[in-house]
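Since the structure comes first, as structure tokens, the remarks are kept for the end.
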Amino acid sequence: MNLVVVENIYLLVMVTLISVLQNAFFALKVEKECKTQNVNTAAFERVSCANRNCMDAYPTFLAVMWCAGLCLSQAPAAFAGIIYLVVRQKYFVGYMGQTSQSTPGYLFGKRVLGFLSLMCIVGISSYLLVRYYGNGYKEYVETIANAASALLLIP
544 MNLVVVENIY
554 LLVMVTLISV
564 LQNAFFALKV
574 EKECKTQNVN
584 TAAFERVSCA
594 NRNCMDAYPT
604 FLAVMWCAGL
614 CLSQAPAAFA
624 GIIYLVVRQK
634 YFVGYMGQTS
644 QSTPGYLFGK
654 RVLGFLSLMC
664 IVGISSYLLV
674 RYYGNGYKEY
684 VETIANAASA
694 LLLIP
């Protein structure tokens, strides 16, 4: 593989691999709960539901993270991806306790997905501006995206 291509995607690849490990962790928790408890218990239902909810949002997360990283800038997209994985872990663990404990993780996860979606839109718009109006916009848009990724940390 071309070294330039790898330099442009290695952070996204690392976040994707970490997310795969996290999915394996979630699956092991469901399997463990299934083996140690009766399948009809409330604990199993909570763990199973948390796993299903995380898996439902997973393709959307991967799509917007990779689109944002490829179309705009990989560093803020990977940073947002790591934040999303931390939030998803908080959601999963919170759901195992009481479902009300998972609400902050869920809401923050939506915020991160919204940020990544906005990065996708800005990246595609930037590409169209550069393609049809020249290179004057590209560096400006990338600088704004890098600075805006820090705004994810504000509660």
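Using the working numbering, you'd call the opening residue of the sequence shown number 544 and step up by one each time. Glycine included, each C-beta is placed from N, C-alpha and C at the ideal position.
### Query
Does the Cβ of Gly637 have 16 or more other Cβ atoms within 10 Å, making it buried, or fewer, making it exposed?
By 1-based counting over the sequence shown, the position of residue 637 is 94. A buried status is given to Gly637, since no fewer than 16 other beta-carbon atoms sit within 10 Å of its beta-carbon.
### Task
Below 8 angstroms on the Cβ atoms is my guess for Tyr634 versus Gly648; work out the distance and round it to an integer in Å.
The residue labelled residue 634 in the question sits at position 91 within the sequence shown. The residue labelled residue 648 in the question sits at position 105 within the sequence shown. So it is a contact: roughly 3 angstroms between Cβ atoms.
### Query
Got a sec, what are the start and stop residues for the alpha helix (DSSP H) Gln644 sits in?
What you label residue 644 is simply residue 101 of the sequence shown in a count that begins at 1. No alpha helix (DSSP H) holds Gln644; DSSP gives it neither H nor E.
### Task
Compare the C-alpha of Lys575 against each of Leu659, Ser591 and Thr646 and name the closest.
For the purposes of this step, residue 575 is identified with residue 32 of the sequence shown, where counting begins at 1. Closest in alpha carbon position to Lys575, among Leu659, Ser591 and Thr646, is Ser591.
### Message
So Leu555 and Ala621 are supposed to be a Cβ contact under 8 angstroms. How far apart are they, rounded?
### Response
Taking the sequence shown and counting its residues from 1, the one referred to as residue 555 is at position 12. Taking the sequence shown and counting its residues from 1, the one referred to as residue 621 is at position 78. Taking C-beta atoms under 8 angstroms as the contact rule, Leu555 and Ala621 qualify, at a distance of about 6 angstroms.
### Span of the alpha helix (DSSP H), counted from its first residue to its last, around Ser591
As a position in the sequence shown, residue 591 is number 48, starting the count at 1. Looking at the DSSP string, the run of the alpha helix (DSSP H) that includes Ser591 is Ala585 to Cys614.
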